[in-house]
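Have a look at the structure below, then the notes.
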Amino acid sequence: MSKAKQSISCCPPQAASASEETYCPVEATINLIGGKYKSLILWKLAHNTLRFSQLRREVPGATPKMLTQQLRELETHGLIRRKVFPVVPPKVEYSLTAFGHSLKPVLEAMYTWGTGYLHTQGLEVNCSMEPFAEEDEAEIA
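This is the structure in structure tokens:
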């Protein structure tokens with residue numbers, strides 16, 4: 011009688027019971043940044059503090075409702091900070107927290123991988139990684 015090969019996975023199927031929780035780092039990361047526009051929002055906030063209207067221009071595919079929802083989720087998870095100024099008209103700014111900045115290597119890896127993928131598809135990259143380069147140079151000086 012032959013033994014069937016067992017597959018070992020970082021992310022096994024659902025636990026048999028609620029008490030048998032599993033923790034997968036890849037799944038945890040995706041749960042934090044895997045929303046429809048979350049990675050792009052984090053990318054845009056990686057170097058700049060932006061107002062809601064600026065984010066709307068930077069993430070043109072997102073409706074105001076969807077952008078608001080994604081921003082709230084990122085704030086709830088401690089990745090971004092929302093600063094409200096007591097002025098009329100209302101002024102709200104968004105920026106990364108220290109926890110959000112800790113995702114910078116992940117975002118850079120996504121940029122690098124995505125660049126290679128776009129090139130294999132015959133597409134041209136139309137966004138820049140420059141903010142990271144400028145920030146890194148400023149830290150060295």
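Heads up: take any position in the sequence shown, counting from 1, add 10, and you land on this note's numbering.
From the three backbone atoms N, C-alpha and C, an ideal C-beta is built for every residue, glycine too.
Remember, predicted model here, so these are calculated numbers, not experimental data.
Collapsed DSSP secondary structure at residue i in the structure displayed
{"i": "V116", "result": "helix"}
{"i": "K54", "result": "helix"}
{"i": "E68", "result": "helix"}
{"i": "V36", "result": "helix"}
{"i": "T107", "result": "coil"}
{"i": "G126", "result": "helix"}
Which listed residue (the options) has its alpha carbon closest to that of residue i
{"i": "L113", "options": "T39, T32 and Y33", "result": "T39"}
{"i": "K46", "options": "H129, H87, C137 and Q80", "result": "Q80"}
Inter-residue Cα distance where the pair is residue i and residue j
{"i": "R82", "j": "W123", "result": "28 Å"}
{"i": "E192", "j": "G132", "result": "Past the edges of the chain, shown from 11 to 151, lies residue 192, and the structure says nothing about it."}
{"i": "Y104", "j": "Y127", "result": "30 Å"}
{"i": "E31", "j": "P115", "result": "28 Å"}
Proximity of residue i and residue j at Cβ, strictly below 9 Å
{"i": "L89", "j": "T78", "result": "no"}
{"i": "L65", "j": "I51", "result": "yes"}
Which runs of the alpha helix (DSSP H) fall wholly inside the segment 61-105 and span at least 4 residues, in chain order? 62-68 and 74-86
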